[in-house]
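Everything below concerns the one structure shown next.
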Amino acid sequence: MTTFRNPSAIAPPVGAYSHSVHVSRPGQWLHVAGQIGVDAHGSLAAGVQNQADAAWKNLLAILADADMGVQHLVKITTYLLDAKNLPAVNAVRKEYLDEHRPAATLVVVKELARPEWLFEIEATAFKED
Numbered sequence: 020m021t022t023f024r025n026p027s028a029i030a031p032p033v034g035a036y037s038h039s040v041h042v043s044r045p046g047q048w049l050h051v052a053g054q055i056g057v058d059a060h061g062s063l064a065a066g067v068q069n070q071a072d073a074a075w076k077n078l079l080a081i082l083a084d085a086d087m088g089v090q091h092l093v094k095i096t097t098y099l100l101d102a103k104n105l106p107a108v109n110a111v112r113k114e115y116l117d118e119h120r121p122a123a124t125l126v127v128v129k130e131l132a133r134p135e136w137l138f139e140i141e142a143t144a145f146k147e148d
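If you want my numbering, it's the 1-based position in the sequence shown plus 19.
Structure representation (structure tokens):
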């Protein structure tokens with residue numbers, strides 16, 4: 020069983036995530052490497068919002084390949100170059116997650132592996148047997 024936890028002993032999450040995810044059943048784990056905003060042909064999308072959209076599409080394609088969906092995400096980590104872009108990437112995130120609330124971390128970094136990359140997301144998913 021997968022339980023998304025937000026204990027009353029601490030303040031509620033400040034965003035669209037859960038403080039923790041408790042998995043208490045056997046199942047399949049999928050660890051997804053950082054996804055950037057490139058399409059299936061390797062072309063980088065223009066702008067942070069388009070890169071975020073492409074990265075989320077890549078993440079969902081990886082989940083689908085493992086017979087999983089967004090509902091199986093238990094943890095995501097997002098890397099962003101500029102905090103002022105948070106509203107734009109949050110809008111993209113909401114489009115894909117809707118009301119699903121995995122544990123999440125957002126890190127604003129000075130740079131990613133390549134200077135043209137503006138956004139990256141990595142994830143962990145779990146599917147019960």
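Glycine included, each C-beta is placed from N, C-alpha and C at the ideal position.
Worksheet item: Between the C-alpha atoms of residue 122 and residue 66, what's the straight-line distance to the nearest angstrom?
Response: 26 Å
Fill in: For residue 137, the nearest candidate out of 54, 21, 46 (CA to CA)
54
Worksheet entry | Counted within 10 angstroms of its Cβ, other Cβ atoms place residue 72 as buried (16 or more) or exposed | buried
Discussion item. Under DSSP, the beta strand (DSSP E) around residue 112 begins and ends at which residues?
Written reply: Where residue 112 is concerned, there is no enclosing beta strand (DSSP E), although the alpha helix (DSSP H) it sits in stretches over 105-116.
Discussion item. Just to confirm my understanding: we take residue 135, look at its own chain, exclude 5 residues before and 5 after, and list those with CB closer than 7 Å. What are they?
Written reply: 63
Worksheet item: From residue 59 to residue 139, what does the alpha carbon distance come to, in whole angstroms?
Response: 16 Å
Practice prompt. Figure out for me which residue from 48, 80, 37 has the closest Cα to the Cα of residue 57.
Written response: 80
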